[in-house]
Amino acid sequence: MKEVAFFAGAIGALGGAIAVIALRNAFYSVLALIVHLISLAGLFLLLQGEFIAAAQIVVYAGAVMVLYVFVAAYVGNVDEPLWEPIPGQRFIAPLLGIALFVELAIAITGSSLQAIDTGGPTVELGFGSPSAIGKLLLERFLIAFEAASLLLLVAAVGAVILAGRHRSGDADAPQEPA
Amino acid sequence: MDITWYLVLSAMLFAVGVSGVLLRRSPLVILLCLELMLNAGNLALLAFSRSLGNQDGQVFALIVMVIAACEVVVGLGIIVAAYRRRIPLNVDDLRSLRG
Chain B
1 MKEVAFFAGA IGALGGAIAV IALRNAFYSV LALIVHLISL AGLFLLLQGE FIAAAQIVVY
61 AGAVMVLYVF VAAYVGNVDE PLWEPIPGQR FIAPLLGIAL FVELAIAITG SSLQAIDTGG
121 PTVELGFGSP SAIGKLLLER FLIAFEAASL LLLVAAVGAV ILAGRHRSGD ADAPQEPA
Chain C
179 MDITWYLVLS AMLFAVGVSG VLLRRSPLVI LLCLELMLNA GNLALLAFSR SLGNQDGQVF
239 ALIVMVIAAC EVVVGLGIIV AAYRRRIPLN VDDLRSLRG
């Protein structure tokens with residue numbers, strides 16, 4: 001049963017990932033990424049990451065992807081020119097990707113870590129539940145939690161400054177930096 | 179299910195993301211490929227967290243999600259700003275950092 005769920009999630013995640021880079025229209029790429037993220041949330045559930053799976057769907061597939069959809073619709077489809085600055089780029093790039101995968105696969109299967117050849121130890125009830133993760137976040141990892149919240153604030157302010165409409169002058173005219 | 183399966187899948191997803199960054203020239207799709215790579219890393223973190231029976235890796239994955247959200251917000255802000263200034267959205271043309 002677990003195997004079936006794993007392979008279903010793996011096919012969804014891999015298919016979504018390949019669709020992201022293969023589809024010509026950026027809007028469809030965003031939709032393919034949503035499929036990828038939801039499949040990945042299923043895999044997180046198999047790994048007992050209940051809270052991470054829920055956060056993945058709510059934060060990623062929900063909020064972040066809505067942002068992507070809006071920007072893709074605002075910018076429109078960017079048509080990529082057919083000429084390539086590097087000759088043979090479309091053949092070399094997947095080749096390099098495959099080489100990286102082979103290298104990582106050799107490293108993983110050849111590693112002497114014994115724990116990765118098992119399904120992991122039996123964990124107690126509540127492993128990865130919101131209460132367990134919340135407790136860790138607010139006790140052991142409090143500084144990381146606060147730093148992350150500060151970083152989010154800075155990013156939000158930065159995005160408003162970057163993309164905000166300039167008050168003075170015509171917003172559409174090219175402007176000199178202040 | 180062995181943890182190795184999850185790690186190999188994570189390596190595969192990461193390689194797909196790398197190929198996407200090398201292949202595509204629209205900054206929006208390149209940001210999507212960065213997401214693919216960050217999520218592959220998250221999958222590996224959760225797999226190791228499960229294999230060790232320790233929840234610290236899950237907290238790590240949560241922080242990675244926060245960093246990814248920040249990166250998306252700033253990256254999309256730059257794309258929107260470039261579009262408003264009629265700068266072509268093609269990474270081959272976006273070579274200079276000067277506004």
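Here the protein sequences come in this chain order: B and C. For the first sequence, the numbering used here begins at 1 and goes up steadily by one. For the second sequence, the numbering used here begins at 179 and goes up steadily by one. For every residue, glycine included, the Cβ atom is placed at its ideal position computed from N, Cα and C.
Residue from the options whose Cα sits closest to the Cα of residue i
| i | options | result |
| --- | --- | --- |
| G219 of chain C | C:V196, C:V251, C:S204 and C:N232 | C:V196 |
| Y68 of chain B | C:I208, C:V194 and C:L187 | C:I208 |
| V251 of chain C | C:D234, C:S274, C:L212 and C:Q233 | C:L212 |
| E80 of chain B | C:L206, C:R264 and C:V194 | C:L206 |
| A163 of chain B | C:R273, C:R264, C:A260 and C:L230 | C:A260 |
| A72 of chain B | C:A247, C:L254, C:L272 and C:V242 | C:L254 |
| G126 of chain B | B:E50, B:L46, B:E84 and B:S111 | B:E50 |
| L113 of chain B | C:S229, C:V199, C:R203 and C:L201 | C:S229 |
| A147 of chain B | C:N232, C:R264, C:I241 and C:V199 | C:I241 |
Residue i - DSSP class collapsed to helix/strand/coil
| i | result |
| --- | --- |
| F127 of chain B | coil |
| M179 of chain C | coil |
| D271 of chain C | coil |
| L20 of chain B | The sequence given here places Val at residue 20 of chain B; Leu does not occur at that position. Reduced to three states, the DSSP call for V20 of chain B is helix. |
| G120 of chain B | coil |
| Q114 of chain B | coil |
| E89 of chain B | Residue identity differs from the one stated: residue 89 of chain B is Gln in this sequence, not Glu. It is helical. |
| M1 of chain B | coil |
| I38 of chain B | helix |
| L240 of chain C | helix |
| F141 of chain B | coil |
| V58 of chain B | helix |
| G158 of chain B | helix |
| I265 of chain C | coil |
| E84 of chain B | coil |
| A178 of chain B | In this prediction, A178 of chain B has a pLDDT of 47, which is less than 50 and means its spatial position is unreliable; what the coordinates show is noted afterwards. A178 of chain B: coil per DSSP, three-state reduction. |
| G198 of chain C | helix |
| L191 of chain C | helix |
| A171 of chain B | With a pLDDT of 49 at A171 of chain B, under the threshold of 50, the predicted position of this residue should be treated as unreliable, though the coordinate-derived value follows. Reduced to three states, the DSSP call for A171 of chain B is coil. |
| V251 of chain C | helix |
| S227 of chain C | helix |
Residues near residue i by beta carbon distance below 8 Å, same chain, minus five either side
| i | result |
| --- | --- |
| S188 of chain C | A218, G219, L221, A222 and A225 |
| A61 of chain B | I34, L37, I38 and A41 |
| A5 of chain B | G42 and L46 |
Residue-chain proximity (residue i, chain B), Cβ-Cβ < 7 Å
| i | result |
| --- | --- |
| L185 of chain C | yes |
| M215 of chain C | no |
| D271 of chain C | no |
| I208 of chain C | no |
| A222 of chain C | no |
| S204 of chain C | yes |
| G231 of chain C | yes |
| S274 of chain C | no |
Separation of residue j from residue i, as counted between CA atoms
| i | j | result |
| --- | --- | --- |
| S227 of chain C | Q236 of chain C | 7 Å |
| A8 of chain B | L23 of chain B | 22 Å |
| F141 of chain B | I52 of chain B | 16 Å |
| Y280 of chain C | L191 of chain C | As shown, chain C starts at 179 and ends at 277. That puts residue 280 of chain C outside it, with no answer to give. |
| A171 of chain B | V258 of chain C | Low confidence applies here, because A171 of chain B scores a pLDDT of 49, under 50, leaving its location unreliable; read the following figure in that light. In a straight line, the C-alpha of A171 of chain B is about 13 Å away from that of V258 of chain C. |
| A105 of chain B | V186 of chain C | 6 Å |
| Y28 of chain B | G12 of chain B | 15 Å |
| A132 of chain B | Q89 of chain B | 47 Å |
| L152 of chain B | A247 of chain C | 8 Å |
| G120 of chain B | I181 of chain C | 7 Å |
| E3 of chain B | M179 of chain C | 6 Å |
| E103 of chain B | A156 of chain B | 38 Å |
| G97 of chain B | P85 of chain B | 19 Å |
| L95 of chain B | V59 of chain B | 33 Å |
| F238 of chain C | D117 of chain B | 23 Å |
| G198 of chain C | A93 of chain B | 8 Å |
Closer than 6 Å: residue i CB and nearest the ligand PLP heavy atom
| i | result |
| --- | --- |
| G110 of chain B | The ligand PLP is absent from the structure shown, which contains no ligand whatsoever. |
Contact with chain C by residue i, beta-carbon distance below 7 Å
| i | result |
| --- | --- |
| A41 of chain B | no |
| K135 of chain B | no |
| V20 of chain B | yes |
| A155 of chain B | yes |
| L162 of chain B | yes |
| S29 of chain B | yes |
| F7 of chain B | no |
| P94 of chain B | yes |
| F91 of chain B | no |
| P87 of chain B | no |
| E139 of chain B | no |
| L184 of chain B | Residue 184 of chain B lies beyond the residue range present for chain B, which begins at 1 and ends at 178; the question has no answer from this structure. |
Contacting residues, own chain, Cβ-Cβ under 7 Å from residue i (five flanking each side not counted)
| i | result |
| --- | --- |
| L14 of chain B | none |
| N25 of chain B | N77 |
| A32 of chain B | G16, A19, V20 and L23 |
Own chain partners of residue i with C-beta closer than 6 Å, once the 5 adjacent residues on each side are dropped
| i | result |
| --- | --- |
| M215 of chain C | F192 and G195 |
| A144 of chain B | none |
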